[in-house]
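Below is one structure; the comments refer to it alone.
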Amino acid sequence: MGFWSSLVNSATHAVHWVSNNAGNIGDAAKVVAGVIGAAAMTEDELAAEGNNILPTFYSHIVKAEGKLLDAAKDNLKSPVVANDEHVKTVDLPGLWPSPGGTIDDPAVIPGISIDINKLLVLKNIPNNLKSDDGQVRDVGESIANQIFNFSRAEPIDKDSAIFKIPVEVLHLGKPFIGGGMVAYKIPLGNAGSFDAWHSHVRLHYIYDDAAEKKFREEKLALAIKPSPTNIDAAGAYNLTTISAQWNGSRGIAPQMTAAVQKVVDDAKGKVTVLSHAVNDGTRFKYQFRTAVSVGPAQVASQLSTALSAVLPDPTPENPLPRMPTIKVSNVQTYI
C-alpha cells in the first residue's frame, strides 16, 4: 500500500488487490460492471480473452473511479460560506480493503484514521483541533468514524449500488470540515470476510484568515531550535534517520517537538537534528547528525526516554495515544 496504511490507492493497485483477495473474482467483477452500467463478461467473451478477466476488470474499475468522482461532485457539494471564509476541497479515491474491524466488533480500524490524517497533512489542513477547555480532538479519527458508519449511508438514487455518507466536523460551533464519501461495496466472497469499499472521499475544509494565521503559528512552534554543536564539520560523523509511528494524532506534534528538542539539548553538542523532517500526521521522521561516539540505538533510546519525560499524564478529556513505535530506518557514517 506504500504511503497509505490501509488504503489501496489507484485503479491498478485496486485490481491487483481484489484479484488476489476475492474468493470469487467473477462475483466481484459483476458488481463493478453493474456500477458502470455494463454487462458481466459472458463465457464466450472470457474464452476470447483466454479466460483472463483482468483486462476487462481493470477497464471497469477505471470507469467506476470516474463514476465515483462524478457522484462525489454531485452529492458532496462545497458548502456555502460567509464572505470572510474560504473553502479548500481535497479528494481521495481508492479501495478500502476492510473498513470494519471484526465481525464481533465492527469498529473503524486505526489505519483508516491514520490515512485520513495523512490526507489532511498532505493538503495542509489541521488534523488536530483544540477547544476552549483545552480538549484536543483527532480530526482524522472524527472523519473516519463518520464516513465508515454504514448505518448513515444513503443510496445516491434508487437504482444505484453507490451510496453516500456525509461528514460534518464542527469547531467552536462552526463548520470546519464538510463533504463525505461516496462508495460501493465489492464482495470478497470469503467466509467471514467484510466487503471492500471502492470509494471517493471528498472533503471541504472551511477556514478564515484568522484560523489560517493560527495554523501557521502552530506549525512554526513545531520547529526544532538549534543548539551549540561539538561535532567537527570537517570530521567524521553519523547521520541517523529515526521515525516514531503513533496510533493516533491527538496532540502529539508538540510532544514530538519537545522530545526531539530535549534529545538535542541534553546531548551537550554531540547531537543535532537536520531541518528537513517528515510528518504525515501520525508518523514523524527526523535525521540526527551525531558524533561517531553516539550510535543509532543510543539516539533512539534517548528519544524514547525524552518522550516518556515530556508526555503529560492522560486525562478523560485528553487521552493520549500509546507510546509510538520508534525505529531506526537508515544509518550512514561520513568520514
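The sequence shown lines up with residues 343 to 677 when you count with my numbering. The beta carbon of each residue, even a glycine, is placed where N, CA and C say it ideally should be. Just so you know, these numbers come straight off a predicted model, no measurement behind them.
Practice item. Note down, in chain order, each residue of its chain lying with its Cβ closer than 6 Å to the Cβ of L418, except the 5 sequence neighbours on either side. Key: Taking the first residue of the sequence shown as position 1, residue 418 is located at position 76. So the list reads G521, G522, R544, once near-sequence residues are dropped.
Review point. Thinking just about the alpha-carbon of each residue, which of S650, Y549, F626, V673 is nearest to the one in A639?
Key: To locate residue 639, count along the sequence shown from 1; it is residue 297. Ranking the options by Cα distance to A639, first place goes to V673.
Review point. CA-CA distance, T614 and V606?
Key: For the purposes of this step, residue 614 is taken as the residue at position 272 of the sequence shown. For the purposes of this step, residue 606 is taken as the residue at position 264 of the sequence shown. Taking the straight line joining both Cα atoms gives about 6 Å.
Check your understanding: According to the neighbour-count rule (16 or more other Cβ atoms, all chains shown, within 10 Å of its Cβ), is P654 buried or exposed?
Key -> Counted from its first residue, the sequence shown places residue 654 at position 312. So P654 ends up on the exposed side.
Practice item. Return the bridge partner residues of R479 from the DSSP annotation. Key: For this step, residue 479 is matched to residue 137 along the sequence shown. DSSP, once it has assigned bridges, lists L471 as partnering R479.
Review point. Considering only the beta carbon of each residue, do H513 and P421 sit closer than 8 Å?
Key: The sequence position of residue 513 within the sequence shown is 171, counting from 1. The sequence position of residue 421 within the sequence shown is 79, counting from 1. No, these two residues do not count as a Cβ contact at 8 Å.
Point to revise | Cross-strand partners of Q674 (DSSP beta bridge) | key: The residue you call residue 674 lines up with position 332 of the sequence shown. Paired residues: L581.
Check your understanding: From which residue to which residue does the beta strand (DSSP E) around P654 run?
Key -> By 1-based counting over the sequence shown, the position of residue 654 is 312. Per DSSP, P654 belongs to no beta strand (DSSP E) and is neither H nor E.
**Study point:** Check: E385 C-beta below 7 Å from any heavy atom of the ligand FMN
**Key:** Looking at this structure, you won't find the ligand FMN or any other ligand, since it has none at all.
Exercise for review: Compare the C-alpha of V432 against each of H542, V360, E385 and name the closest.
Suggested key: On the sequence shown, residue 432 is found 90 positions in, with the first residue counted as 1. Per the Cα distances, H542.
Review point. Are S352 and D457 touching if we call contact CB-CB under 8 Å?
Key: Here residue 352 corresponds to residue number 10 of the sequence shown, with the count starting at 1. Here residue 457 corresponds to residue number 115 of the sequence shown, with the count starting at 1. No, they are not a contact pair.
Exercise for review: Leaving aside the five residues before and after S585 along the sequence, list all residues of the same chain whose C-beta is less than 7 Å from its C-beta, in chain order.
Suggested key: Reading the sequence shown from its first residue, position 243 is the one you call residue 585. Within the same chain, S585 has close Cβ partners R625, F626, K627, K669, S671.
Check your understanding: Per DSSP, Y628 is paired with what?
Key -> One-based indexing of the sequence shown puts residue 628 at position 286. Y628 is bridged to I584.
Check your understanding: Less than 8 Å separating the beta-carbons of W359 and P439?
Key -> Residue 359 sits at position 17 when you count from the first residue of the sequence shown. Residue 439 sits at position 97 when you count from the first residue of the sequence shown. A contact, by the Cβ cut-off of 8 Å.
Review point. Does DSSP put V374 in a helix, in a strand, or in coil?
Key: As a position in the sequence shown, residue 374 is number 32, starting the count at 1. Three-state result, V374: helix.
Exercise for review: Flag this pair as touching only if the stretch 546 to 565 and the stretch 589 to 605 have three or more C-beta atom pairs under 8 Å; answer yes or no.
Suggested key: yes
Check your understanding: Considering only C-alpha positions, which residue in the set I498, N621, V602, N470 is nearest to K556?
Key -> Here residue 556 corresponds to residue number 214 of the sequence shown, with the count starting at 1. Residue N470 is the option with its Cα nearest to K556.
Review point. For I528, does the count of other Cβ atoms within 10 angstroms reach 16, so buried, or fall short, so exposed?
Key: Here residue 528 refers to the residue found at position 186 of the sequence shown. Buried: at least 16 other Cβ atoms inside 10 Å.
**Study point:** I445 classed as buried or exposed, judged by whether at least 16 other C-beta atoms fall within 10 angstroms
**Key:** Counted from its first residue, the sequence shown places residue 445 at position 103. Because the pLDDT at I445 is just 48, under 50, the model does not fix this residue reliably, and the point stays unresolved.
Review point. Per DSSP, what kind of secondary structure is F536 in: helix, strand or coil?
Key: The count along the sequence shown starts at 1 and reaches residue 536 at position 194. Three-state result, F536: coil.
**Study point:** Three-way DSSP call (helix, strand, coil) for W346 in this model
**Key:** Locating residue 346 in the sequence shown gives position 4, where the first residue counts as 1. Of the three classes helix, strand and coil, the one that applies to W346 here is coil, per DSSP.
Review point. Between which two residues does the beta strand (DSSP E) containing F557 stretch?
Key: Start at 1 with the first residue of the sequence shown, and residue 557 comes out as number 215. First-last for F557: 551 to 562, but that is the alpha helix (DSSP H), not the beta strand (DSSP E).
Practice item. Have a look at the DSSP bridge pairing and note the partners of T431. Key: Sequence index remark: in the sequence shown, residue 431 carries index 89 (1-based). According to DSSP, T431 bridges with H546.
Exercise for review: Determine the extent of the beta strand (DSSP E) in which K465 is found, giving its start and end residues.
Suggested key: Within the sequence shown, residue 465 is the residue found at index 123, counting from 1. It is not in any beta strand (DSSP E) - K465 carries neither H nor E in the DSSP assignment.
**Study point:** Distance CB(I454)-CB(K409) smaller than 8 Å
**Key:** The sequence position of residue 454 within the sequence shown is 112, counting from 1. The sequence position of residue 409 within the sequence shown is 67, counting from 1. Contact flag unset, no.
Review point. Is there contact here, the stretch 367 to 376 with the stretch 487 to 501, by at least three beta-carbon pairs under 8 Å?
Key: no
Practice item. Could you tell me if E391 is buried or exposed, where buried requires 16 or more neighbouring beta carbons within 10 angstroms of its beta carbon? Key: Position 49 of the sequence shown, counted from the first residue, corresponds to residue 391. Exposed: under 16 other Cβ atoms inside 10 Å.
**Study point:** Nearest candidate by alpha-carbon position, reference P452, set L464, I367, D416, D480
**Key:** On the sequence shown, residue 452 is found 110 positions in, with the first residue counted as 1. Ranking the options by Cα distance to P452, first place goes to D480.
Check your understanding: Taking DSSP as the reference, what is the three-state secondary structure of E391?
Key -> Working through the sequence shown from its first residue, we reach residue 391 at position 49. Coil.
Exercise for review: Would you check if the distance between the CB atom of P633 and the CB atom of G531 is smaller than 8 Å?
Suggested key: The count along the sequence shown starts at 1 and reaches residue 633 at position 291. The count along the sequence shown starts at 1 and reaches residue 531 at position 189. A small correction: the amino acid at residue 633 is Ala; Pro does not occupy that position in the sequence shown. Not closer than 8 Å, so no.
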